[in-house]
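Going by UniProt numbering, the first residue of the sequence shown is number 1, and it counts up by one from there.
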Amino acid sequence: MKNLFENFCCYITDPPIVKAACVIFRLKNDIACHKRVEDAWKDISLEALICKDVPMPLLTRVINLAWVVDVLYENKYHFTNVGEELIEIIKSLFVHDMSM
């Protein structure tokens with residue numbers, strides 16, 4: 001298994017999972033591009049499943065960043081207009097306990 005520095009260097013050379021995340025960042029707020037965003041999520045899922053030489057914690061960082069952008073731009077522009085809906089999402093993630 002590669003060390004962290006080698007893995008990071010691999011990621012700054014534009015692997016498929018990073019390219020797919022960038023598609024989500026760029027297109028999420030454009031309704032006409034919804035299909036391309038769905039395809040990018042499929043690419044991220046596939047890459048996370050087949051990429052064995054990069055540690056999952058590094059892959060998780062990319063996936064989590066894409067997920068945050070997805071949440072911020074879902075249906076409304078939460079990024080610039082923080083409302084009750086986004087506040088509740090944040091509370092559900094960081095404040096409220098989850099029952100198991």
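All C-beta atoms in this analysis are idealised placements derived from N, C-alpha and C, irrespective of residue type, glycine included.
For residue i, three-class secondary structure by DSSP
{"i": "Met1", "result": "Low confidence applies to Met1: its pLDDT is 48, below 50, so where it sits in the model is not reliable enough to give any reading."}
{"i": "Leu68", "result": "The question names Leu, but residue 68 is Val in the sequence shown. Looking at Val68 - three-state DSSP - the assignment turns out to be helix."}
{"i": "Val54", "result": "coil"}
Terminal residues of the alpha helix (DSSP H) in which residue i lies
{"i": "Cys22", "result": "Pro16 to Leu27"}
{"i": "Glu47", "result": "His34 to Ile50"}
{"i": "Val85", "result": "What sits at residue 85 in the sequence shown is Glu, not Val. Glu84 to Phe94 is the extent of the alpha helix (DSSP H) around Glu85."}
Nonlocal neighbours in the same chain, by C-beta distance under 7 Å from residue i, ignoring five residues either side
{"i": "Cys22", "result": "none"}
Own chain residues within Cβ distance below 6 Å of residue i, not counting five before or after
{"i": "Ala48", "result": "Leu59"}
{"i": "residue 103", "result": "Nothing in the structure corresponds to residue 103, since the chain is present only between 1 and 100."}
{"i": "Leu27", "result": "Cys33, Arg36 and Val37"}
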